[in-house]
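Right, one structure below, let's go through it.
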RNA sequence: GACCGGUUCGUCUAGGGGUCUAGGACACCGCCCUUUCACGGCGGCAACACGGGUUCAAAUCCCGUACCGGUUACCA
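Residue numbers (the numbering used here): 876 to 1411.
Given below as structure tokens:
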């Protein structure tokens, strides 16, 4: 029989990174085995389920590239079938009506009430007074309109057992399992019933889910048993914990646990997917970077861990706002992935930062008038429209070279619009630390840098494109800058770093010669003459 | 409380009786490269929870303890 797995989130919030990993493992297993990866939205808790949340889950899966097969199943659509199943079990004597009045519980005390009740000395799970109520009396009570829940009649003696693909043999004595409620007194089917019914209905062969369901499995097994259906195989996944080994929750830990945070903060989907895959599973080799194809090829249930993993983010530390390894992996992807795959991601980032220009799409650098381009720029001020002399060189080729150049030191896609802003716009900020370190520390630069601009202007005239003059390239720039440095009797670093700060606003970046060339002659000259940074 | 799991560097992990004076990655630190750096290169720090067994031999098998987690709902 071919494999059919499912990811079954309840749409009560954003997509949690733990759930995302569960989805990923299901996906990998399905693709690995040539099976189907199905999606089921468990929206039976109508009070908490929202459409927005469903949307966000779908978006998250799409972002990670986990395409599901077949139609999405909405559990709420199956409620009638669930009820029917419960009635069937009732009719067969495998379940019974419990007329015990429903306890009124307030949200806050639910957990406490459970613990409280559990602490009471040894409960006998079979002592429900309605368990063996005669059919006649049961019907009489129903006829009189008395509300009831339907509970599964768990056998008196025996045990449930199953071989978990991750945790091995699991056994549980019946006496440790209560007569679980299948149908609420208001007719609402409960989780364990719904899951079993739907998994049967969907022909699920392998249930891969969080370890928090490990003990639920025994209850579900009892339902399969009552229904006379062979249960699927189970594989439970270790949990992902917060740094304090506690539960990773939005309420306590905020945005770091939401998958969308990573999308919105410049993560490359493949990088985060790679990171997630390695949180709780390993191929058993000394390798960290895996393409999706490799993950599919290497993935197997028996290399999944049994111990929980800590998601090691640091609150209140902007540089380590999420797990360091995730950050590192993202940087690794940004600087090593094929450029053509990175380009569209950077384009999207520049677009959302309003830094994208249509020229980056054009192969030719001819035929674009400056006025033409100025009119396409939404955010430019008056003066900038006139003085945007570099535009004519900023075509697709320039864009690709620039991205390739600056990606080496970036951690997220956001860096292209923040750290790398100066490459794409005249409107960029100066890092005060960089200004202090590279400019104000050397007051002479205030004279020298504009002077260097004059030198560039003289050395590289406008006929460069006709080949009659030296082009503004690294090789030639180096000659000019070195001569200038010697003239001033200073160190090359002083000039270079001062120029770097003026040209890019920051203290770090690629080789300064390539920065000059990339920024281009006209913009370089303009920026070297600018006093903005000095006055800031 | 009961039941069920888990425990290898700070974190993710390799390992499944001898090849382990425990390997890799991230982070951190140092050195090198260099016009800067968060790139790159080299190196360093750092772990088998504890106690008993079994065995010629245990990180690996068994038992106990400790600690952590999950479940214990007419939530999912």
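Glycine is no exception: its CB is placed at the ideal position from the N, C-alpha and C atoms. If you're wondering where the values come from, they're calculated on a predicted model, not measured in any experiment.
Rounded straight-line distance, which links the Cα of residue j to that of residue i
i: residue 876; j: residue 1138; result: 37 Å
i: residue 1307; j: residue 1407; result: 12 Å
i: residue 998; j: residue 1004; result: 14 Å
i: residue 961; j: residue 1107; result: 20 Å
i: residue 1154; j: residue 1184; result: 7 Å
i: residue 1300; j: residue 1293; result: 11 Å
i: residue 991; j: residue 985; result: 10 Å
i: residue 922; j: residue 1072; result: 22 Å
i: residue 911; j: residue 944; result: 6 Å
i: residue 1279; j: residue 1272; result: 11 Å
i: residue 1195; j: residue 1035; result: 45 Å
i: residue 1396; j: residue 1209; result: 28 Å
i: residue 1011; j: residue 988; result: 34 Å
i: residue 1009; j: residue 1095; result: 26 Å
i: residue 909; j: residue 1065; result: 32 Å
i: residue 1161; j: residue 929; result: 37 Å
i: residue 1147; j: residue 939; result: 8 Å
i: residue 1166; j: residue 941; result: 14 Å
i: residue 1062; j: residue 1206; result: 52 Å
i: residue 1219; j: residue 1394; result: 21 Å
Residue i and residue j closer than 9 Å at C-beta
i: residue 1170; j: residue 1149; result: yes
i: residue 972; j: residue 1026; result: yes
i: residue 1319; j: residue 1366; result: no
i: residue 1070; j: residue 883; result: yes
i: residue 1022; j: residue 1060; result: yes
i: residue 1082; j: residue 880; result: yes
i: residue 1176; j: residue 904; result: yes
i: residue 1389; j: residue 1349; result: yes
i: residue 1403; j: residue 1328; result: yes
i: residue 1270; j: residue 1237; result: yes
i: residue 1133; j: residue 1125; result: yes
i: residue 1131; j: residue 1186; result: yes
i: residue 1135; j: residue 1290; result: no
i: residue 1040; j: residue 949; result: no
i: residue 1399; j: residue 1317; result: no
i: residue 1326; j: residue 1352; result: no
i: residue 898; j: residue 975; result: no
Where residue i falls, given that 16 or more other Cβ within 10 Å makes a residue buried
i: residue 1295; result: buried
i: residue 1048; result: exposed
i: residue 1092; result: buried
i: residue 1199; result: exposed
i: residue 1020; result: exposed
i: residue 957; result: buried
i: residue 955; result: exposed
i: residue 1111; result: buried
i: residue 1101; result: buried
i: residue 1105; result: exposed
i: residue 1383; result: exposed
i: residue 1017; result: exposed
i: residue 1180; result: exposed
i: residue 1015; result: exposed
i: residue 1193; result: exposed
i: residue 1119; result: exposed
i: residue 1028; result: buried
i: residue 885; result: buried
i: residue 1007; result: exposed
i: residue 966; result: exposed
Residue(s) in a DSSP beta bridge with residue i
i: residue 1122; result: 1116
i: residue 914; result: 882
i: residue 1139; result: Residue 1139 is not bridged to any residue.
i: residue 1037; result: 1045
i: residue 1064; result: 1058
i: residue 1111; result: 1084
Nearest neighbour of residue i, chosen from the options [CA to CA]
i: residue 1283; options: 1345, 1191, 1215 and 1386; result: 1386
i: residue 1156; options: 1097, 968 and 1178; result: 1178
i: residue 1057; options: 1277, 925 and 959; result: 959
i: residue 1332; options: 1354, 1393, 1373 and 1401; result: 1401
i: residue 1222; options: 1215, 1231, 1130 and 1068; result: 1231
i: residue 1203; options: 938, 1054, 987 and 1141; result: 1141
i: residue 1151; options: 1046, 936, 1324 and 1127; result: 936
i: residue 907; options: 878, 925, 1361 and 1314; result: 878
i: residue 1324; options: 969, 968 and 1370; result: 1370
i: residue 1285; options: 977, 1378 and 1211; result: 1211
i: residue 1068; options: 964, 926 and 1168; result: 964
i: residue 1002; options: 891, 1052, 890 and 978; result: 1052
i: residue 1287; options: 1163, 1164, 1354 and 1217; result: 1217
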